[in-house]
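Participant:
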DNA sequence: CACGAGACCTGTTCGC
DNA sequence: TGCGAACAGGTCTCGT
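Numbering (our numbering), first residue to last: 100 to 375.
(1) On the DSSP bridge assignment, give the partners of residue 325 in chain order.
(2) Is there contact here, the segment 104-122 with the segment 312-327, by at least three beta-carbon pairs under 8 Å?
(3) How should residue 183 be labelled, buried or exposed, when 16 other C-beta atoms within 10 angstroms of its C-beta is the threshold for buried?
(4) Spell out a yes or no on whether the segment 179-194 and the segment 215-230 are touching, meaning 3 or more CB-CB pairs, one atom from each, closer than 8 Å.
(5) Let me know if residue 348 comes out buried or exposed under the rule of 16 or more other beta-carbons within 10 Å of its beta-carbon.
(6) Within the continuous beta strand (DSSP E) that includes residue 136, where are the two ends?
(7) Would you list the residues sitting across from residue 184 in a DSSP beta bridge?
(8) For residue 238, which of 230, 228, 249, 195 has the nearest alpha-carbon?
(9) List, from N- to C-terminal side, the alpha helix (DSSP H) runs of 4 residues or more that fit wholly inside the segment 261-329.
(10) Return the chain-ordered list of same chain residues with a C-beta closer than 7 Å to the C-beta of residue 228, the five sequence neighbours on each side being excluded.
(11) Need the endpoints of the alpha helix (DSSP H) that residue 193 sits in, please.
(12) Among 189, 280, 305, 224, which residue has its Cα nearest to the Cα of residue 242?
(13) Is the beta carbon of residue 370 closer than 9 Å to that of residue 288?
(14) Quick check on the burial criterion: 16 or more other C-beta atoms within 10 angstroms. Buried or exposed for residue 279?
(15) Indicate the three-state DSSP secondary structure (helix, strand or coil) for residue 352 in the structure shown.
(16) Quick one: using the 10 Å Cβ neighbour count with 16 as the cut-off for buried, is residue 209 buried or exposed?
(17) Just mark residue 307 as buried or exposed, buried being the case when its beta carbon has 16 or more other beta carbons within 10 Å.
(18) Taking all protein chains shown into account, do 16 or more other C-beta atoms lie within 10 angstroms of the C-beta of residue 202, making it buried, or fewer, making it exposed?
(19) Smallest Cα separation from residue 196: which of 207, 204, 205, 212?
(20) Are there 16 or more other CB atoms within 10 angstroms of the CB of residue 350, so buried, or fewer, so exposed?
(21) Classify residue 378 as buried or exposed, calling it buried when 16 or more other Cβ atoms lie within 10 Å of its own Cβ.
(22) Measuring CA to CA, which of 194, 140, 328, 206 is closest to residue 157?
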């Protein structure tokens, strides 16, 4: 489910607090933890995590790539939702989700709940979170992410655009939805080689990436199926999961293909594999 | 370095 | 209605 815009939407909500008196997450102290699926804990082990997380006060929450970053007064929590995770701050007495796996109990009767149907999500409690976050590529919405930087990184590689955009070490935050949507906005075929783009094409890709992400953010992310709720970007998809439907720009049927073992959606007319 | 296959998991939806 | 197959927002590791 969650790519950059979905994670960022959740971060903003947790940082400011919500309706019904839900407080901001920063400032709350962790009083205990419930682990219904210990596989959630990547590092350290469940026993050490249990021991070390109790009594920590969450000082902040922000995002790096698709990771939630929660510095505490001793150690930093990293949370990755992977495919089917969701993170909610709720009253302890609120009914719990069927797929609630991990709960951080907080002062004041609040709980940070990690729901995760597929159990792919992971939690880290690290003294040095950079050790992991350093592996990520640049943040596409940061001012430092310029068309020039993108161009340099593209030409340093020799891969198809689609799998490269999904590589978090190349660029942090895009997933299958936003990669497809970015390529359509850039009018670039997903199989175009990264080192074969003209300067205008690099610029289009840069703009396409940022437009897709910004639009996603504006709509609080995308909500598909039963997994994540709250976002409406799914109503603005131009290609993702729209195979057979007409392209909003030219009317040609959107195509679905498998590229790098993932579904890819594109308009064969607006995104030609090569120019004549 | 690039790429594909398989693994990790469970749930929903589709096709017969 | 039932049942198996296909498919799903993401990484990670291993072999070629």
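The C-beta atom is built at its ideal place from N, Cα and C for all residues, glycine as well.
Source: prediction; values computed, not measured.
Facilitator: In this structure, then:
(1) One-based indexing of the first chain puts residue 325 at position 226. Looking at the DSSP assignment, residue 325 forms no beta bridge with any residue, so it has no partner.
(2) yes
(3) For the purposes of this step, residue 183 is taken as the residue at position 84 of the first chain. That one is buried.
(4) yes
(5) Walking along the first chain from the start, residue 348 turns up at place 249. Result: exposed.
(6) Within the first chain, the letter at position 37 stands for residue 136. Annotation: residue 136 is outside any beta strand (DSSP E) and is labelled neither H nor E by DSSP.
(7) Mapped onto the first chain, residue 184 falls at position 85. Under DSSP, the beta-bridge partners assigned to residue 184 are 215.
(8) Mapped onto the first chain, residue 238 falls at position 139. Closest option to residue 238, Cα to Cα, is 249.
(9) Entirely contained in the segment 261-329, the alpha helix (DSSP H) runs reaching 4 residues are, in chain order, 275-284, 298-317.
(10) To locate residue 228, count along the first chain from 1; it is residue 129. For residue 228, the CB contacts under 7 Å within the same chain, skipping 5 residues up- and downstream, are 168, 175, 177 in chain order.
(11) Counted from its first residue, the first chain places residue 193 at position 94. No alpha helix (DSSP H) contains residue 193, which DSSP labels as neither H nor E.
(12) By one-based count along the first chain, residue 242 stands at place 143. Taking only the C-alpha atoms, the option nearest residue 242 is 305.
(13) The sequence position of residue 288 within the first chain is 189, counting from 1. The sequence position of residue 370 within the first chain is 271, counting from 1. Cβ distance < 9 Å, so residue 288 and residue 370 count as in contact.
(14) Against the first chain, residue 279 aligns to sequence position 180. Burial call: buried.
(15) Taking the first chain and counting its residues from 1, the one referred to as residue 352 is at position 253. Looking at residue 352 - three-state DSSP - the assignment turns out to be strand.
(16) Within the first chain, numbered from 1, the residue matching residue 209 stands at position 110. Residue environment analysis places residue 209 among the buried positions, since at least 16 neighbouring C-beta atoms fall within 10 angstroms of its C-beta.
(17) Reading the first chain from its first residue, position 208 is the one you call residue 307. The Cβ neighbour count for residue 307, taken over all protein chains shown within 10 Å, is at least 16; the residue is labelled buried.
(18) Numbered from its first residue, the first chain carries residue 202 at position 103. By the 10 Å Cβ count, residue 202 comes out buried.
(19) For the purposes of this step, residue 196 is taken as residue 97 along the first chain, with counting starting at 1. In terms of CA proximity to residue 196, 212 leads the group 207, 204, 205, 212.
(20) Position 251 of the first chain, counted from the first residue, corresponds to residue 350. With fewer than 16 other Cβ atoms within 10 Å, it is exposed.
(21) Because residue 378 is not part of the residues shown, which for the chain are 100 to 375, the question remains open.
(22) As a working note, residue 157 is residue 58 in the first chain. Residue 206 holds the alpha-carbon nearest to the alpha-carbon of residue 157 among 194, 140, 328, 206.
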